[in-house]
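Residue numbers (this note's numbering): 1168 to 1328.
In structure tokens:
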């Protein structure tokens, strides 16, 4: 299946004109860069684009909304998917492993792949990273996505012979 078309600045402008985030989007100077970045990450997901209307929108409407919202979210948090390196003095790069404040210690590290993960349970470390970081994408594109869940509740059937 071919990738859906890239979302233009005009499409994103028209989308944001109907949202309360219009001022934030309008103030953004490098819209095309963020739209390209959003397209790159969303383009890694698989979609069933021929469903017609789903989730109250056509695929084209959902695609524009998801690309536009992800572009704005990435502009606010550029290292949300590809983490910024930690202090160069330590010689380590990537996700934060632990934070300690007095006796309180928090761990944010997935030993398997070395990436920080959200632990809300909706998407696990084997799901696409864009969904781990921005779970709301599934609310916009979920009924069009072909995604095998790697976490959450599963039903297992046993057959006796």
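Backbone N, C-alpha and C define an ideal beta-carbon position, used for all residues, glycine too.
No experiment lies behind these values; they were computed from the predicted model shown.
Distance between residue j and residue i (C-alpha atoms, nearest Å)
i: residue 1299; j: residue 1291; result: 7 Å
i: residue 1319; j: residue 1312; result: Caution is warranted here: a pLDDT of 49 is assigned to residue 1319, below 50, making its placement in the model unreliable, and no coordinate value can be reported.
i: residue 1190; j: residue 1184; result: 9 Å
i: residue 1249; j: residue 1194; result: 24 Å
i: residue 1209; j: residue 1187; result: 23 Å
i: residue 1207; j: residue 1171; result: 11 Å
i: residue 1181; j: residue 1224; result: 16 Å
i: residue 1245; j: residue 1213; result: 24 Å
i: residue 1310; j: residue 1204; result: 23 Å
i: residue 1297; j: residue 1175; result: 20 Å
Burial state of residue i, where buried means 16 or more other Cβ atoms lie within 10 Å
i: residue 1231; result: buried
i: residue 1198; result: buried
i: residue 1270; result: exposed
For residue i, the residue or residues it bridges with in DSSP
i: residue 1221; result: 1224
Residue interval of the alpha helix (DSSP H) (run including residue i)
i: residue 1199; result: 1198-1209
Whether residue i touches residue j by CB criterion (8 Å)
i: residue 1179; j: residue 1192; result: yes
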